[in-house]
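Chemist: Sharing a structure, written as structure tokens. Questions coming.
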Amino acid sequence: MEADYDKKLKESQTQDNIEVRWDIGLNKKMISYFTIAKSDTDMRLMHGDELRLRYLGELHKPWSGVGHVIKIPDNYSEEVGIEMKTNLGVPADCTSNFVVDFVWKSTSFDRMQAALRKFAVDETSVSAYIYHKLLGHEVEDVVMRCQLPKHFSAPNLPELNRSQVYAVKHALQRPLSLIQGPPGTGKTVTSATIVYHLVRQSNGPVLVCAPSNIAVDQLTEKIHRTGLKVVRLCAKSREAINSPVSFLALHNQIRNLEGHSELHKLQQLKDETGELSSADEKRYRMLKKACEKELLEAADVICCTCVGAGDPRLARFKFYSILIDESMQATEPECMVPVVLGAKQLILVGDHCQLGPVVMCKKAARAGLSQSLFERLVVLGIRPLRLEVQYRMHPQLSKFPSNFFYEGSLQNGVYADERKMKGVDFPWPQPDKPMFFYACQGQEEIAGSGTSYLNRTEAALVERLTTRFLKCSVKPEQIGIITPYEGQRAYLVQYMQYNGSLHAKLYQDIEVASVDAFQGREKDLIIMSCVRSNEHQGIGFLNDPRRLNVALTRARYGIIIVGNPKVLSKQTLWNHLLTFYKENKVLVEGPLNNLKESMIQFSKPRKLINTINPGTHFMNTAMYDAREAMIPGSVYDRSSHMNGGPAYFNRPHDQISYISPERAQSAVANLPVPVGMFLNMAHIPPRFYNQHQQALQARQNQRNRSATRKGGGGRQNINGRNVSNGASLNLSQTGFNSQASQDMMGGFSQGPLTQGQLSMSQMSQPNYPGLSQPGLSQPELSQDTYLVDELRSQTEGMLSQDSTYQGDRAYFAASQGGQFSQPY
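Here the working numbering is used: the first residue of the sequence shown is 156, the next is one more, and so on.
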């Protein structure tokens, strides 16, 4: 669906009557520059995209040529630049009557489909443990044997804090690790350190991926600092684009490779003439391919984008260890491209409390494509290791995000004095709190495109704030302006250019972008324009808690939000944010030179379900999107009420047990998410979960020992992976009833609601204070049973279609008394 949508979108973007300016690049290739009209669609032009240029005039014979984008529009110019693939027949004397077509390339989608196919049929694509974990099967946790370093910090990288050391240690010892890196917690440094130690363990080269080229370049630079041999593998369409790590790119390392004089001569000839004869070109490609293989085989670390991991140059490589950074921003098929290159140790780094992948087709997004692999694994009960010390924000700026998105767990690694801008005389309402909400009553308008919004009053205030900072000797590159709407972004750029009181060049150097564009980045100062200001239409994009989280956590020294508090306060999370600002006396109005505390009154914020963990109240929308975890009887169902659920665990490999996009209702208690998301935990000690699960584990161990003495199934080691005996046992014959299935799955649950040992009546007893909540009756938490018969028949039908593999991926359900330990 996404591929079809993307294809239709690009093929519909043809533009005619284009004026072209021609130039010659350093490599003698022809470059054409032109301006295209802004599109009303969601499509964005990116470096490396291919465009087809056609000439339809009468001054030259009809011509068509393809080139890749080397320049995209920015604050300075709306011009697009493409480098032509060949100079043959280029009408360089003509400047008008050109047509531009957007070329749709299926490469990325083909690689994703190939990866999913390989995962399904090739037993060597991933280890058995990772295979079953990704499918949501219950498997025993594995601790890998490895020599842990005495000192965990890597050379030329910052010293690690305690949470980072724990994350590194855990990642080195586990075949599957999730590391959650909240804003500014140093996840890039942590990732680079993990890679350094993985290489030192000598399990072959490590593959490092991320969904975007920027993220890959940042991580490549950090890994290179440690002294490892790093190769940055770029798409051939991006080889002409410079980056901070261009010297590490494979094509540039080939140029500097010694002992290949013939290749260098052919390369020099190609640079001088632009093209080679067919015989020389064939020889050049053969020599280059041999050098590429030599460099890749000698590398300690290979870095590329997720889709780039499907490059034919990596086809014959097997990677024991694979790390994917920013995995929350990649779709699941995108993540699978590197994973199927033989992964036996997989580390996913991301933050499911920030923005997920961009999916343009709404139908595909609703079907589940917008959920990342990282998020799905979290929903399935795999607890990520959270980095807990943030080094980016002023301590006052981190308070709200920490409390509302990360359960108050974020600690500050910087002092307030370290985040004061020296020599900047700006009128902060509270000098010790470099933040404020600037109340504005301006009206929103529909932008010229007809598909976006702008707010002229807010734009004028943003310009005044920006000018004030510039007059205080703040550099333009230190300032970032965030707005969720393209209409406002375009208007702000234009407004500051023509209405700013300072030189236009200063405003050009200020980055104005969407929240999505700022994810993973930071600025010293952030000014946010909310835009929306209406009585009835809502606040659109701003209603997304993950988008708000990203916006609030980009600033290092200070943040200013410009918006209409009366409108925004109608949404619960914004109500809490505005109340927080008002309590801190930084909700202000009036002229910039005389800011006064706003007297606006809000309705009392709606009481959160969980007073200890308010963040989960807002983040649970992402959890509910994990439909595969909510389908009763599916491979992901942890319910003990459905015969179909546990029966799924009896199969080695069912090719049709993939994530289903269909909806079905399930009890809240069956979701493997924190119990605090649904019940009031105010009276329960903070460490309740660990104490409770330890008690349950002790009881389960006792039960397992007694079952083993009675002749319960033992354990079997298959290819070094621990699984449970009894694959061919019939559930009804072994007495593997629903209670046993509850016991088996109790160890993986996140809280009391998913524990098999607790009945609903027990949960309301005095021994469990705070677990009974008014308004949440037992029938509401019980499993809906009207679909039981239908789902059971579906389950039996699916089981009859098994196409199983009994090799490396052989998987066995637990026999009676089987024990599954917690992953952490």
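In this text, a Cβ means the ideal position worked out from N, Cα and C, and glycines have one as well.
#1: How big is the Cα-Cα spacing for residue 805 and residue 295?
#2: Where DSSP assigns a beta bridge to residue 223, which residues make up the other side?
#3: Between residue 493 and residue 458, is the Cβ-Cβ spacing less than 8 Å?
#4: Count the other CB atoms, across all protein chains shown, that sit within 10 Å of the CB of residue 486; report buried if there are 16 or more and exposed otherwise.
#5: Kindly indicate the opening and closing residues of the beta strand (DSSP E) around residue 701.
#6: Measuring straight from C-alpha to C-alpha, what distance separates residue 517 and residue 599?
#7: Report yes if the CB atom of residue 396 is closer than 8 Å to the CB atom of residue 478, and no otherwise.
#8: Can you tell me whether residue 137 is helix, strand or coil according to DSSP?
#9: If I measure Cβ to Cβ from residue 242 and keep anything under 8 Å in the same chain, skipping five residues before and after, which residues do I get?
#10: Using the C-alpha atoms, what's the distance from residue 208 back to residue 344?
#11: At the level of alpha carbons, what is the spacing between residue 503 and residue 331?
#12: Leaving out five residues on either side along the sequence, give the residues of the same chain with a beta carbon under 7 Å from the beta carbon of residue 325.
#13: Between the segment 355-362 and the segment 567-577, do at least 3 Cβ pairs fall closer than 8 Å?
#14: Would residue 980 and residue 318 qualify as a contact pair, given that the criterion is a beta-carbon distance under 8 Å?
#15: Is the beta carbon of residue 678 sitting closer than 8 Å to the one on residue 710?
#16: Could you give the distance in angstroms between the alpha-carbon of residue 223 and the alpha-carbon of residue 238?
#17: Can you tell me the Cβ-Cβ gap for residue 733 and residue 720, rounded? I've got them flagged as a contact below 8 Å.
#18: Kindly indicate which residue of 856, 489 and 298 has the alpha-carbon position closest to the one of residue 284.
#19: Can you name, in chain order, every residue of its own chain whose Cβ lies under 7 Å from the Cβ of residue 258, other than the five neighbours on each side?
#20: Drop a sphere of 10 angstroms on the beta-carbon of residue 481, count the other beta-carbons inside from all chains shown, and report buried for 16 or more, exposed for fewer.
#21: With C-beta atoms as the reference, is residue 501 less than 8 Å away from residue 335?
#22: Rounding to the nearest angstrom, what Cα-Cα distance links residue 383 and residue 723 in this structure?
#23: How many angstroms separate the CA atom of residue 175 from the CA atom of residue 253?
#24: Could you please give me the residues that DSSP links to residue 540 through a beta bridge?
#25: Count the other CB atoms, across all protein chains shown, that sit within 10 Å of the CB of residue 402; report buried if there are 16 or more and exposed otherwise.
#26: Around the Cβ of residue 749, are there at least 16 other Cβ atoms within 10 angstroms (buried) or fewer (exposed)?
#27: From residue 248 to residue 421, what does the alpha carbon distance come to, in whole angstroms?
#28: So residue 642 is in the alpha helix (DSSP H); what residue range does that whole segment cover?
#29: Should residue 286 be labelled buried (16 or more other beta-carbon atoms within 10 Å of its own) or exposed?
#30: Using 10 angstroms around the beta-carbon of residue 602, count the other beta-carbons present and answer buried if the total reaches 16, otherwise exposed.
#31: Can you tell me whether residue 868 is buried or exposed, with buried defined as 16 or more other CB within 10 angstroms of its CB?
#32: Please report the straight-line C-alpha distance between residue 381 and residue 613, rounded to a whole angstrom.
#33: I think residue 698 touches residue 726, with their Cβ atoms under 8 Å apart; what is that distance to the nearest whole Å?
#34: Reducing DSSP to helix, strand and coil, say where residue 545 ends up.
#35: In angstroms, rounded to a whole number, what distance separates the CA positions of residue 470 and residue 435?
#36: Relative to the C-alpha of residue 167, which residue among 512, 307 and 255 is closest?
Modeler: Quick answer:
#1: Numbered from its first residue, the sequence shown carries residue 805 at position 650. Numbered from its first residue, the sequence shown carries residue 295 at position 140. Here the model assigns residue 805 a pLDDT of 36, short of 50, so the residue's position is not dependable and the matter cannot be decided.
#2: Sequence index remark: in the sequence shown, residue 223 carries index 68 (1-based). Answer is 205 and 238.
#3: Along the sequence shown, read from residue 1 onward, the residue named residue 493 stands at position 338. Along the sequence shown, read from residue 1 onward, the residue named residue 458 stands at position 303. No Cβ-Cβ contact shorter than 8 Å links residue 493 with residue 458.
#4: Taking the sequence shown and counting its residues from 1, one reaches residue 486 at position 331. When all chains shown are included, residue 486 counts as buried.
#5: If you number the sequence shown from 1, residue 701 lands on position 546. Premise fails: residue 701 lies in the alpha helix (DSSP H), 700-707, not in any beta strand (DSSP E).
#6: For the purposes of this step, residue 517 is identified with residue 362 of the sequence shown, where counting begins at 1. For the purposes of this step, residue 599 is identified with residue 444 of the sequence shown, where counting begins at 1. Distance from the CA atom of residue 517 to the CA atom of residue 599, rounded to whole angstroms, is 25 Å.
#7: The residue you call residue 396 lines up with position 241 of the sequence shown. The residue you call residue 478 lines up with position 323 of the sequence shown. Contact flag unset, no.
#8: Limits of the chain in this structure are 156 at one end and 979 at the other, which puts residue 137 out of reach.
#9: What you label residue 242 is simply residue 87 of the sequence shown in a count that begins at 1. If we look at residue 242 and ignore the five residues flanking it on each side, its Cβ neighbours are 183, 184, 185, 429 and 430.
#10: Residue 344 sits at position 189 when you count from the first residue of the sequence shown. Residue 208 sits at position 53 when you count from the first residue of the sequence shown. For residue 344 and residue 208, the distance between alpha carbons rounds to 43 Å.
#11: Stepping through the sequence shown from its first residue, residue 503 is reached at position 348. Stepping through the sequence shown from its first residue, residue 331 is reached at position 176. C-alpha separation (whole angstroms): 8 Å.
#12: Counted from its first residue, the sequence shown places residue 325 at position 170. Once the five neighbours on either side are set aside, the close Cβ partners of residue 325 are 332 and 540.
#13: no
#14: Here the chain covers residues 156 to 979 and nothing more, so residue 980 does not appear.
#15: Within the sequence shown, the letter at position 523 stands for residue 678. Within the sequence shown, the letter at position 555 stands for residue 710. Against a cut-off of 8 Å, the Cβ pair of residue 710 and residue 678 comes out as a contact.
#16: Sequence index remark: in the sequence shown, residue 223 carries index 68 (1-based). Sequence index remark: in the sequence shown, residue 238 carries index 83 (1-based). In a straight line, the C-alpha of residue 223 is about 6 Å away from that of residue 238.
#17: One-based indexing of the sequence shown puts residue 733 at position 578. One-based indexing of the sequence shown puts residue 720 at position 565. Indeed, because the Cβ distance is near 5 Å, the residues count as touching under 8 Å.
#18: The residue you call residue 284 lines up with position 129 of the sequence shown. The shortest C-alpha separation from residue 284 is found at 298.
#19: Mapped onto the sequence shown, residue 258 falls at position 103. Hits under 7 Å: 205, 206, 207 and 221.
#20: Locating residue 481 in the sequence shown gives position 326, where the first residue counts as 1. Buried.
#21: Here residue 501 corresponds to residue number 346 of the sequence shown, with the count starting at 1. Here residue 335 corresponds to residue number 180 of the sequence shown, with the count starting at 1. No, they are not a contact pair.
#22: The residue you call residue 383 lines up with position 228 of the sequence shown. The residue you call residue 723 lines up with position 568 of the sequence shown. Approximately 50 Å, taken between the alpha carbons.
#23: Here residue 175 corresponds to residue number 20 of the sequence shown, with the count starting at 1. Here residue 253 corresponds to residue number 98 of the sequence shown, with the count starting at 1. Taking the CA atoms as reference points, residue 175 sits about 7 Å from residue 253.
#24: As a working mapping, residue 540 is identified with position 385 in the sequence shown. In the DSSP output, where bridge partners are listed per residue, residue 540 has 334.
#25: Position 247 of the sequence shown, counted from the start, is the residue given in the question as residue 402. Burial is judged here by how many other beta carbons sit within 10 angstroms of a residue's own beta carbon; residue 402 has fewer than 16 and is exposed.
#26: The sequence position of residue 749 within the sequence shown is 594, counting from 1. The residue is exposed, with fewer than 16 neighbouring Cβ atoms inside 10 Å.
#27: Counting from 1 along the sequence shown, the entry for residue 248 is found at position 93. Counting from 1 along the sequence shown, the entry for residue 421 is found at position 266. Going by the C-alpha atoms only, they are around 30 Å apart.
#28: Counting from 1 along the sequence shown, the entry for residue 642 is found at position 487. Unbroken alpha helix (DSSP H) run through residue 642: 641-654.
#29: As a working note, residue 286 is residue 131 in the sequence shown. By the neighbour-count rule (16 or more Cβ atoms within 10 Å), residue 286 is buried.
#30: Here residue 602 refers to the residue found at position 447 when the sequence shown is read from its first residue. Looking at its Cβ environment, which holds 16 or more other Cβ atoms inside 10 Å, residue 602 is buried.
#31: As a first step, residue 868 is located in the sequence shown; it is residue number 713 there, counting from the start. Its pLDDT being 38, under 50, residue 868 is placed unreliably in this model, and the coordinates cannot settle the point.
#32: The residue given as residue 381 occupies position 226 in the sequence shown. The residue given as residue 613 occupies position 458 in the sequence shown. Residue 381 and residue 613: Cα-Cα distance of roughly 46 Å.
#33: As a working mapping, residue 698 is identified with position 543 in the sequence shown. As a working mapping, residue 726 is identified with position 571 in the sequence shown. That pair is a contact at about 6 Å.
#34: As a position in the sequence shown, residue 545 is number 390, starting the count at 1. Here residue 545 sits in strand by DSSP.
#35: Indexing the sequence shown from 1 puts residue 470 at position 315. Indexing the sequence shown from 1 puts residue 435 at position 280. So the two alpha carbons sit approximately 26 Å from each other.
#36: Walking along the sequence shown from the start, residue 167 turns up at place 12. Of 512, 307 and 255, the residue nearest in Cα terms is 255.
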